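Quick notes on the structure that follows.
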Ligand SMILES: *Cc1c(COP(=O)(O)O)cnc(C)c1O
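Residue numbers (our numbering): 1 to 434.
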């Protein structure tokens with residue numbers, strides 16, 4: 001029965017050319033860093049299942065918290081009520097963010113967290129009678145999600161090629177991404193800051209805000225920038241009056257080696273989007289956090305000045321309970337994310353001996369490098385797909401972005417398991433690009 005279903009699967013897969021891509025293996029269960037497949041194969045999840053499973057899979061404490069919450073209050077409409085897990089989660093999140101952050105708005109995923117931030121920034125100006133600030137500035141190679149607004153502020157890429165004409169127009173400025181021992185970084189940073197300064201001088205009055213992935217451009221190719229650039233760019237945009245939106249959907253909750261990219265860089269944006277690791281990978285949930293200043297622009301006697309946005313599963317109690325437990329676990333294991341960069345650097349050092357490995361880099365819990373290629377760099381470069389296939393045959397799940405290969409494992413991965421990841425990568429790269 002199972003077989004029949006799978007040869008004619010009713011599931012339309014994401015990001016997949018279904019005509020040419022064989023059906024994927026079936027996962028029966030997972031524990032810790034390991035996925036168990038139907039045929040008995042055990043695969044190490046080197047990417048925390050799209051960057052969410054920070055405590056590994058099937059964590060019992062989170063499972064128990066969800067179960068208990070489900071027996072108490074599984075859901076209630078967010079428009080009419082609030083509940084304890086929702087309040088507790090907002091109260092727990094705010095002190096972790098820069099101190100001027102005072103409000104938490106709930107939604108369902110990273111893209112909706114971005115949509116909410118964009119709508120808040122846009123309406124912020126309109127509510128104050130400013131009618132000229134209606135556009136957004138964002139960064140080249142940035143990625144902010146797959147809904148229409150999120151695609152609009154994302155840089156042109158294979159994720160949105162077919163939709164460009166549907167999207168609202170947005171301006172892009174360059175991002176000084178860097179790697180270990182990059183000789184040109186100072187120059188790249190000043191070039192990028194000059195470009196930012198120039199567009200702000202000319203067009204600042206037309207921008208409602210600037211959105212960026214702080215410290216790490218994830219889907220765009222694991223491109224890291226230095227905290228100093230983030231700080232300078234944020235301050236510059238704020239000096240020109242733009243609201244600065246940090247899309248920390250990926251960088252939040254320890255990924256960068258600190259709680260958030262903004263705490264690592266000691267910067268204070270105006271809006272922050274969080275999702276991926278929020279619930280520890282158990283349930284889809286997101287938040288958009290706002291400063292008091294932003295929030296106050298929505299308070300008036302006019303009902304139309306309110307934020308007309310909301311989702312059916314607003315502040316879902318199960319998601320809140322999972323998030324609260326995930327944060328509690330994270331607080332007890334801060335060293336898990338703080339110490340991973342050093343562990344990655346050791347592994348990368350070994351890989352860097354291979355001639356095919358270039359631009360090795362680590363930021364917090366993420367390690368990345370580019371495979372030298374004769375084709376163009378970028379998402380459609382086939383080298384990564386070949387590497388992923390060979391790695392899977394050797395029991396390691398990776399999902400390279402074109403010829404960029406990266407690891408973003410659960411924070412509690414053992415040294416033995418991490419060594420295993422690097423052993424497999426070493427073997428695979430030696431094989432495909434000797
Ligand atoms: C994944 C991601 C998103 C989109 O999140 P979804 O939950 O997939 O909608 C947005 N921004 C960044 C930086 C992301 O990494």
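For glycine and all other residues, C-beta sits at the position ideal for the given N, C-alpha and C.
Every value quoted in this text rests on a predicted model; they were computed, and no experiment measured them.
*How about residue 209 and residue 167: are their beta carbons less than 7 Å apart?*
no
*Is there contact here, the stretch 35-42 with the stretch 285-301, by at least three beta-carbon pairs under 8 Å?*
no
*asked:* Check whether the stretch 111-123 and the stretch 270-280 touch, using three or more Cβ-Cβ pairs below 8 Å as the test.
replied: yes
*How many whole angstroms separate the CB atoms of residue 140 and residue 155, which I take to be in contact at a CB cut-off of 8 Å?*
5 Å
*asked:* Taking its Cβ as the centre, do 16 or more other Cβ atoms sit within 10 Å of residue 13, making it buried, or is it exposed?
replied: exposed
*Taking just the CA atoms, how far does residue 20 sit from residue 96?*
45 Å
*Who are the Cβ neighbours of residue 174 in its own chain at under 6 Å, not counting the five residues just before and after it?*
140, 192 and 195
*Should the stretch 314-325 be called in touch with the stretch 393-402, which here means at least 3 C-beta pairs below 8 Å?*
no
*Consider the C-beta atom of residue 139 and the heavy atoms of ligand 1; say whether any pair is separated by less than 6 Å.*
no
_Cα-Cα separation, residue 232 to residue 60_ = 42 Å
*Can you list, in chain order, the residues of its chain whose CB lies under 6 Å from that of residue 18, leaving out five sequence neighbours each side?*
none
*Return yes when the C-beta of residue 145 is under 6 Å from any heavy atom of ligand 1, and no when it is not.*
yes
*In chain order, which continuous runs of the beta strand (DSSP E) of length 3 or greater are located wholly inside the stretch 91-132?*
101-107
*Starting from residue 295, follow its DSSP beta bridges and name the residues at the other end.*
According to DSSP, which records beta bridges pairwise, residue 295 is partnered with nothing at all.
*Taking C-alpha atoms, which residue in 99, 229, 71 and 361 lies nearest to residue 189?*
229
_Looking at the strands, I want to know which residues DSSP matches up with residue 396._
44
_Between the CA atoms of residue 405 and residue 382 - distance to the nearest angstrom_ = 12 Å
*Taking only runs that begin and end inside the stretch 257-290, name each unbroken alpha helix (DSSP H) of 4 or more residues, in chain order.*
261-265
*Does at least one heavy atom of ligand 1 sit under 6 Å from the Cβ of residue 247?*
yes
*Counterpart residues of residue 439 in DSSP-defined beta bridges*: With the chain covering 1 to 434 only, the question about residue 439 has no answer from this structure.
*Within the chosen definition, does the stretch 423-430 reach the stretch 62-70 through at least 3 CB pairs nearer than 8 Å?*
no
_Member of 329, 120, 313 and 308 whose CA lies at the smallest distance from the CA of residue 281_ = 329
*Decide if residue 4 is buried, meaning its Cβ has at least 16 other Cβ atoms within 10 Å, or exposed.*
Low confidence applies to residue 4: its pLDDT is 44, below 50, so where it sits in the model is not reliable, and the reading given next is rough at best. Classification of residue 4: exposed, given that the 10 Å Cβ count is below 16.
*Is the stretch 207-222 touching the stretch 246-256, taking contact as three or more C-beta pairs under 8 Å?*
yes
*Is residue 292 near residue 134, with beta carbons less than 7 Å apart?*
no
*Is DSSP giving residue 67 helix, strand or coil here?*
helix
*For residue 370: DSSP bridge partner residues*: 358 and 404
*Say yes only if the C-beta of residue 109 is nearer than 6 Å to one or more non-hydrogen atoms of ligand 1, and no if none qualify.*
yes
*Check the C-beta distance from residue 106 over to residue 290 and give it rounded, since I have them as a contact under 8 Å.*
That pair is no contact at about 12 Å.
_With a threshold of 6 Å (Cβ to nearest heavy atom), would residue 213 be considered close to ligand 1?_
yes
*Please specify which runs of the alpha helix (DSSP H), each continuous and at least 4 residues long, are wholly inside the stretch 156-234, giving them in chain order.*
185-203
_Beta-carbon gap between residue 390 and residue 428 smaller than 7 Å_ = yes
_Reduced DSSP category for residue 9 - H, G, I as helix; E, B as strand; rest coil_ = coil
*State the start and end residues of the unbroken alpha helix (DSSP H) segment that holds residue 148.*
148-153
*So residue 334 is in the alpha helix (DSSP H); what residue range does that whole segment cover?*
334-338
*Assigned secondary structure, residue 255 (DSSP; H/G/I helix, E/B strand, else coil)*: coil
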